[in-house]
Structure formats: C-alpha cells, structure tokens
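Colleague: Sending over a structure as structure tokens; questions will come in a sec.
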Amino acid sequence: MELGLTIPLRRHLKMNSLPHGETPDRGACWDLHVITLRGRKSLLAVHCRSRYAFVLFGLSGAEWEALPATFLEGLRRSLDAAGVESETAGEYLRHAGEIRLTRTHGRREVAFLNRAWEDVTALDHALDPSRREQPLLDREVNAKPSRCAGCDGTGPARQRLARSLR
C-alpha cells in the first residue's frame, strides 16, 4: 500500500523528499494531507481510486510520528464505521501489502483530495471535537456525489469504495 504525502504534510513531519509511487493499481494508494480543523492539526486520508475519505482529528505528536500505524488504525475504524465487514477490510489490507511512504499520486488525485478537503470544511458541523475518529463527518463526506480519478461520472465515494473492495 502506498501512502502519498502532500508537501505540507511532509513539512509538518519534517521529512525530506520521498520517492514517486510505483504501484499502478490506485486501489492500493491513498494520499494524505495535514489540515487544520478547529485549530487542531488533523489528518485527511483520501483513497486515490474512489475518493473515499476519512479524518483523524487533532492528532498528537506521537501519532504523527507513527503515521503508518496511525493511518492503518484510522482506516480500519473508518471502514468498520462505514459498514465494511472486517473480513473484507482484512482481505483489502492483505492485498494492498506493506505500507510505503511516497509522494502524492498525481495531479488529478491531488485535485480530488482538495475537493474532499473542501467538503470536510463545509461539513464542519458534523465534527465531534471529543473524538479522534470522525464517523459522522466521514459518512457525510462520502455520501456526497463526487467525481474521482478512478471512475467516470459522479457518485458517492462510499459506493465506489465498496465496489473497489470486492
């Protein structure tokens, strides 16, 4: 699995340059970005094929330092909250393989990440500042009809992700 880090996220983590992604299958690729929500640094993760997105609110320094593990835990919880069976999620993670940190996965993917960020900001009312995981915010963002790099036309990201996991 490739995690493409945006330039602002690499700066936040004080990371130098990363390699370009090598996986042609965008189903195993996520782009990650640091965003500020209600004054707290948060992680926005966007699936490159489906534009499915989830937010981890107000991460601690230790959580940022352990970004791959933090991401995986957040992904598992987001998929669980979205109703994805644990067996299906486990199979996806096995198929996606070991995590590699890379640069983001292309202009189109980053453009759709930016659209997801706009949706998250517009749906701020769904943010629960007492929780790291944001199931209500994630559900609302992923229910909105949207476009993505991996499919033609518009549709809810949650449905596209479900098709992608089959």
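Heads up, the sequence shown is in our numbering, so the first residue is 1 and it goes up one at a time. Idealized CB from N, CA, C, for every residue including glycine. Quantities reported herein were computed from a predicted structural model and do not represent experimental measurements.
Assuming S31 contacts V46 (C-beta within less than 8 angstroms), just tell me the rounded distance between them.
Modeller: Checking the displayed sequence, the identity of residue 31 turns out to be Asp instead of Ser. The Cβ separation is near 5 angstroms, so the contact holds.
Colleague: Roughly how far, in whole angstroms, is the beta-carbon of L101 from the beta-carbon of L5, given that I think they are within contact range, below 8 angstroms?
Modeller: With 8 angstroms as the limit, L101 and L5 qualify as a contact, their Cβ atoms being about 6 angstroms apart.
Colleague: Can you tell me whether E109 is buried or exposed, with buried defined as 16 or more other CB within 10 angstroms of its CB?
Modeller: It counts as buried.
Colleague: For my contact list, L209 and F57 are in at a C-beta cut-off of 8 angstroms; report their separation, rounded to the angstrom.
Modeller: This structure gives no information on residue 209, because the portion of the chain shown stretches from 1 to 166.
Colleague: DSSP state of R158, grouped into three classes?
Modeller: Residue state, collapsed to three classes: helix.
Colleague: Less than 7 angstroms between C-beta atoms, sequence neighbours within five positions excluded: which residues of the same chain meet that for L9?
Modeller: So the qualifying residues of the chain are L32, H33, V34.
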